[in-house]
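The numbering of the sequence shown is the working numbering, which starts it at 170 and goes up by one.
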Amino acid sequence: MSADWRRYLRPGVTLPFCPGCGHRLLLRHLLTAIDDMGMDIDQMLFVSGIGCGGWIPSPCINADTLHCLHGRAVPFAVGAKLANPALTTVVVSGDGDLADIGGNHLIHAARRNYDITVICANNMNYGMTGGQVCSTTPVGATTHTTPDGNTFNPFDLCALVRAAGAQYAARYLVTQGPELVGAIRRAIGIKGFSFVEAVSPCPTQFGRQNHLDGVKEAYAYVEALTIGKAACREPASPLDGRLLVTGEFANE
Ligand SMILES: Cc1ncc(C[n+]2csc(CCOP(=O)(O)OP(=O)(O)O)c2C)c(N)n1
Ligand code: SF4
Ligand SMILES: [Mg+2]
């Protein structure tokens, strides 16, 4: 793995994430994948919506970035790709942005198999706005809007986009650096709709709401939810209670 990822940061940028935020690691893994692939970043476009996850491309990456309306990163990316098919187009945004307010765009982009890559920074809540419940919040987790614990089953986003037609779908924790870098590389390399879910702890909002007393505890919580695909019963896609299955779920 290359260590040269920092050269893709916008000069003078202060990374806008809290200490210990998983989004910072995701940024590093994304730029490492781009460097490893020898991509010409001037031929790439990074698109995001609103939220802490939406800050990963803009202001951090020194490339063309589109910072769009909340939930609308995917249609902006599709429009840009249709206008300029030579552009390697990568959406990076939060779980709330992509799966909640933007959920319909996500499934239809997968169904239509647009040649874009979508990277979802899944921190299991709306981090930016204070830690509200969202469609990826585990059952039982407390949030600002579910003080007695979330009662709804979370989406399995990889299963969702796979069922809709995604050519590639993978999920890894941001602490699984080589796996996540490899998944991002494969996703960008595939022609067609590809999706990578990066499980990214949010110590400040999700952590505080769940009485996780520090960064270490926030990461331990997420790791305890996770199991590798090989260790899981097949098919690996349905969530088993609070389980997050990591691995590749489509690679076509
Ligand atoms: C149309 C609209 N509705 C609501 C908001 C408020 N809002 C801003 S960010 C956000 C949630 C972001 O959550 P997520 O995408 O998961 O990103 P995170 O901050 O968790 O990384 C919301 C609801 C908004 N900016 N625009
Ligand atoms: S609120 Fe959460 S997601 Fe947002 S920057 Fe802080 S730790 Fe990261
Ligand atoms: Mg989120």
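Each residue gets a CB set at the ideal place from its N, CA and C atoms; glycine is no exception. Small disclaimer: the values here were computed from a predicted structure and weren't measured.
Apart from the five residues on each side of it in sequence, which residues of its chain come closer than 7 angstroms, Cβ to Cβ, to residue i?
i, result
"Q301", "N294, Y295, T312, H313, T314"
"I210", "Y177, I203, A232"
"A419", "R331, A335, Q336, Y337, A338"
Answer yes or no: do residue i and residue j have a C-beta to C-beta separation smaller than 8 angstroms?
i, j, result
"V261", "G222", "yes"
"Q336", "E417", "no"
"R179", "I230", "yes"
"C327", "F364", "yes"
"L342", "V384", "no"
"N292", "C371", "yes"
"I353", "I285", "no"
What are the partner residues of residue i, as DSSP defines its beta bridges?
i, result
"A441", "The shown model of the chain, from 170 to 421, leaves out residue 441, and the question about it has no answer."
"E417", "A339"
"T311", "DSSP lists no partner for T311."
From the DSSP output, in three-state form, read off residue i for me.
i, result
"W174", "helix"
"I270", "helix"
"L381", "coil"
"G334", "coil"
"A356", "helix"
"Y388", "helix"
"T395", "strand"
"T183", "coil"
When every heavy atom of ligand 1 is checked, does at least one fall within less than 7 angstroms of the C-beta of residue i?
i, result
"G191", "no"
"C303", "yes"
"N294", "yes"
"I219", "yes"
Would you say the beta carbon of residue i comes nearer than 7 angstroms to a heavy atom of ligand 2?
i, result
"T183", "no"
"Q374", "yes"
"C289", "no"
Could you tell me if the beta carbon of residue i falls within a distance shorter than 7 angstroms of some heavy atom in ligand 3?
i, result
"C187", "no"
"N379", "no"
"G300", "no"
"G263", "yes"
"G351", "no"
"G222", "yes"
Spatial neighbours of residue i within its chain, please: CB distance less than 8 angstroms, with the 5 preceding and 5 following residues excluded, ordered by chain position.
i, result
"R241", "G218, G271, H274"
Please go through the same chain and pick out, in chain order, the residues whose beta-carbon is closer than 6 angstroms to the beta-carbon of residue i, but skip the five residues on each side of it.
i, result
"S406", "Since pLDDT at S406 reaches only 47, below the 50 mark, its modelled position is unreliable, and no value is offered."
"G376", "A387"
"L200", "W174, Y177"
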